[in-house]
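Chemist: This is the structure, below, for whatever I ask next.
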Amino acid sequence: MDRRQFLQTSLYSSLLYGAGSLPSLVNEACAGFEPVQNRLLVKLFLDGGPDFRHLIVPAFDSQPDSFGYKYWKHRWRAHDIANNASAWQQRWQNDYYPITVGGQNWSNGLTDVGGTNGGVTFGVWKHAGWLIDMFRSGNVALVSNAAGGQNRAHDLSSLQMHQGILETSINDTDRSGWGGRLARSAGGNAIAVTNSPLPFTFGPAGPANNYNINAIDNRDLISVQNSREIGLNEADLTENQFNSPHDKMARALKHYYDGLRNEQIGATYEKFRDHEQKVRLFGDLIRQRLSDLPIPPLIYALMHGTTINGQAVNPGADGDPRRVLRNSYGFGAQIRNLYDVLAANDLLGVRTVSMDYGGWDSHADQRRNEDNLDINDPQVDRGIESGFKDIFGGQFGGSPSDSNALHGGFSALWQELNAVDRQKIVITIAGEFGRQIRDNGDAGTDHGKGNIMFVIGDGVNGGLYGDLFQESEIDKYDDTSLLTPDIDAKTDIDPLFASVCDWVQPNSGSAVFPRTAAGYSGTAPEIEIPNMFNNLMS
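Take the sequence shown: its position 71, counting from 1, is numbered 1208 in my numbering, and each next residue is one higher.
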């Protein structure tokens, strides 16, 4: 590896993209988990367009003209069950946790904004135990009929969602992301815990709330691809380096830059010298903070077979422990990175965090219900249910239906955080668009418009926002002239996520999402019920 490749790998691939924020980060560090100082947003983007009507379903109804009959009649292939009412009913009863609006399991101040869902019974997939538990605790806003991308193209719709600008075109790649704008408004940094930063984290040009959203300045962006290997490489001086080119290069470059600091050099090279010093100091601080902070057992178990208190986590048939997540080194690593980012939140100045999880473009074999399926086997591909379990899995209600329910990604994180820190975190979960209301005949679903989006956290006023199962869809199910029957999209992302922004940083929402600003002269964002999100956050 030559010097240029080494620097690119060290600085850009594994650490950060904007050195401008480093001077304010270089403070005294101590080992351990620092209490979360400021409210912050964690955004999970589900690349591919998730079918949340598979996770959240209507109760089976034997009346042929009901929503609960039409749904199962036109979705049995996607659920990989037999084509008869008995099988549909069995799937509903066995695999979904029922909640009746205003009745069973509807407590703790859950809201039904506008009263559009009175008496409706819906089910949450039982293996999404953390989601069920958070919902029953009043900490999940389930937003129906939400519009992400305005078309069915993955690349453009994803760009629109990351930028928070639904009017953007495929050529508008030089616009900032709404996570970067929120971080700038809050006077902090946007942290990417993904393999590479998404456009969501790209900052705007200019100062807080007077910035230019149509230009990018990434001084507030820090990439944490692997929180346990952050910073510049250091040579291990206790080992023989004769056969270690990596250590040789690290040692040589460290001494090279130390020498530059004692020389008079031109302005052209001063920036590189200064940058190296700040990055090295920054990496040392982060390593010092994490040096005596082990990866918590439940989070470690997401990625590795392990035991906790002598008990194998997720044992296989042979009794040996297995990792919990199917997407272990993708989503599991991001959960570990997020935990470490929270531990070092004072050093990182974190206000927004970007996560992603792919694999949701389920045109075929949406659910793979194999015979003798071990739901906890991370090697088995269960279609989108593998993803739902990785993200939302966990125990619920203190006495779960499955006593062996495993902690999925967010469940493990929540268990390892204290109540005070959790109160300062809000999570949004959405894809770039939804799926259609019917399966496509190939055991899958095709691209659609409206979808469910989630806002989760202790500061969320939980419940239903929007009409969960629109009556107008009933006739669409049997109308064969409609080749692409969609969930009618009635609420744009602008007012929803602007309300979240205002909770993270007061009065930031209209700057991050200009279409929500008073006096905006363009096309106003759609919202199903006026002022629907006024009390979304508390």
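In this text, a Cβ means the ideal position worked out from N, Cα and C, and glycines have one as well. Since the structure is predicted, the reported quantities are computational estimates derived from the model, not experimental observations.
#1: In the DSSP assignment, find the unbroken beta strand (DSSP E) run with residue 1590 in it and report its ends.
#2: Taking 8 angstroms as the cut-off, decide whether the C-beta atoms of residue 1284 and residue 1630 are in contact.
#3: Using the rule of at least 16 other Cβ atoms within 10 Å of the residue's Cβ for burial, across every protein chain shown, is residue 1661 buried or exposed?
#4: Starting from the Cα of residue 1669, find the closest Cα among 1649, 1170 and 1637 and give me that residue.
#5: What are the start and end residues of the alpha helix (DSSP H) that includes residue 1543?
#6: Just reading off the alpha helix (DSSP H) that residue 1613 is part of, what are its end residues?
#7: Alpha carbon to alpha carbon, how far is residue 1370 from residue 1491? Give it in angstroms, no decimals.
#8: For residue 1563, which residues from the same chain have a beta carbon less than 8 angstroms from its beta carbon, with the 5 sequence-adjacent residues on both sides left out?
#9: Could you name each continuous alpha helix (DSSP H) segment of 4 residues or more that falls completely within the stretch 1287–1316, going from the start of the chain to the end?
#10: Our contact map puts residue 1235 next to residue 1521 with C-beta atoms below 8 angstroms; I'd like the distance itself, whole angstroms only.
#11: Assign residue 1446 to buried or exposed, taking buried as 16 or more other Cβ atoms, counted over all protein chains shown, within 10 Å of its Cβ.
#12: I need the DSSP call for residue 1348, collapsed to helix, strand or coil.
#13: Report the residue ranges of all alpha helix (DSSP H) runs contained in full by the stretch 1244–1275; include only those spanning at least 4 residues, in chain order.
#14: Using CA atoms only, rank isn't needed, just tell me which of 1560, 1646 and 1627 is closest to residue 1634.
#15: How far does the beta strand (DSSP E) with residue 1180 in it extend, from its first residue to its last?
#16: Of the residues 1225, 1172, 1254 and 1196, which one's Cα is nearest the Cα of residue 1601?
#17: Let me confirm a value: residue 1140 is counted as buried when at least 16 other C-beta atoms fall within 10 Å, else exposed. Which label applies?
#18: Let me know the secondary structure DSSP gives residue 1324 once reduced to three states.
#19: Just verifying my parser: in three-state terms, what is the DSSP assignment at residue 1115?
#20: Can you tell me where the alpha helix (DSSP H) holding residue 1436 begins and where it ends?
#21: Straight-line CA distance for residue 1566 to residue 1259?
#22: What are the residues that DSSP puts in a beta bridge with residue 1674?
#23: What are the start and end residues of the beta strand (DSSP E) that includes residue 1281?
#24: If we count the other Cβ atoms within 10 Å of its Cβ and call it buried at 16 or more, is residue 1612 buried or exposed?
#25: Would you give the residue range spanned by the beta strand (DSSP E) that residue 1494 belongs to?
#26: Which word fits residue 1294, buried or exposed, when buried means at least 16 other C-beta atoms lie within 10 angstroms of its C-beta?
#27: Does any residue of chain C have a CB that is nearer than 8 angstroms to the CB of residue 1186?
#28: Just checking my contact of residue 1398 with residue 1372 at CB under 8 angstroms: how many whole Å lie between their CB atoms?
#29: Cutting at 7 angstroms between CB atoms, please list the residues of its own chain near residue 1271, excluding the five before and the five after it.
#30: Note down, in chain order, each residue of its chain lying with its Cβ closer than 8 angstroms to the Cβ of residue 1618, except the 5 sequence neighbours on either side.
#31: Closer than 7 angstroms to a non-hydrogen atom of the ligand MN - does that hold for the CB of residue 1576?
#32: Taking 6 angstroms as the limit between beta carbons, can you name the residues of its chain near residue 1218, skipping five residues before and five after?
#33: Does DSSP put residue 1233 in a helix, a strand or coil?
#34: Check each candidate in 1269, 1250 and 1222 and name the one with the smallest Cα separation from residue 1233.
#35: Can you say whether residue 1149 is buried or exposed, counting buried as having 16 or more other CB atoms within 10 angstroms of its CB?
#36: Tell me residue 1360's beta-bridge partners as DSSP assigns them.
Modeler: Inspection of the coordinates gives the following:
#1: 1587–1593
#2: yes
#3: exposed
#4: 1637
#5: Segment: none, residue 1543 is in no alpha helix (DSSP H) and carries neither H nor E.
#6: 1610–1615
#7: Residue 1491 and residue 1370: Cα-Cα distance of roughly 25 angstroms.
#8: 1176, 1177, 1178, 1179, 1592, 1593, 1594, 1596, 1597, 1637, 1640, 1641 and 1674
#9: 1291–1300
#10: Residue 1235 to residue 1521, Cβ: 21 angstroms. No contact.
#11: Here residue 1446 is exposed, its C-beta having fewer than 16 other C-beta atoms within 10 Å.
#12: Residue 1348 carries a coil assignment under DSSP once its states are collapsed to helix, strand and coil.
#13: 1266–1273
#14: Ranking 1560, 1646 and 1627 by Cα distance to residue 1634 puts 1646 first.
#15: 1177–1183
#16: When C-alpha distances from residue 1601 are compared across 1225, 1172, 1254 and 1196, the shortest belongs to 1254.
#17: Note on residue 1140: pLDDT 39, under 50, position unreliable in the model; no value is reported.
#18: Under the three-state reduction of DSSP output, residue 1324 falls in the coil class, being neither helix nor strand.
#19: Nothing about residue 1115 can be read from this structure; the chain reaches only from 1138 to 1675.
#20: For residue 1436, the enclosing alpha helix (DSSP H) has its first and last residue at 1434–1440.
#21: 20 angstroms
#22: Bridge partners of residue 1674 according to DSSP: 1597.
#23: 1277–1284
#24: exposed
#25: 1487–1494
#26: buried
#27: As a matter of chain content, chain C is missing from the structure shown, which is built from one protein chain.
#28: Contact flag wrong, Cβ pair sits at about 18 angstroms.
#29: If the five residues before and after residue 1271 are omitted, its C-beta is found closer than 7 angstroms to the C-beta atoms of 1277 and 1593, all from its own chain and listed in chain order.
#30: none
#31: The ligand MN is not among the ligands present in this structure, which contains no ligands whatsoever.
#32: 1224 and 1228
#33: strand
#34: 1269
#35: Residue confidence is low: residue 1149 scores 38 on pLDDT, short of 50, so the model does not pin down where it sits. Its coordinate-derived value is still stated next. The residue in question, residue 1149, is exposed, as its Cβ has fewer than 16 Cβ neighbours within 10 Å.
#36: DSSP, once it has assigned bridges, lists 1329 as partnering residue 1360.
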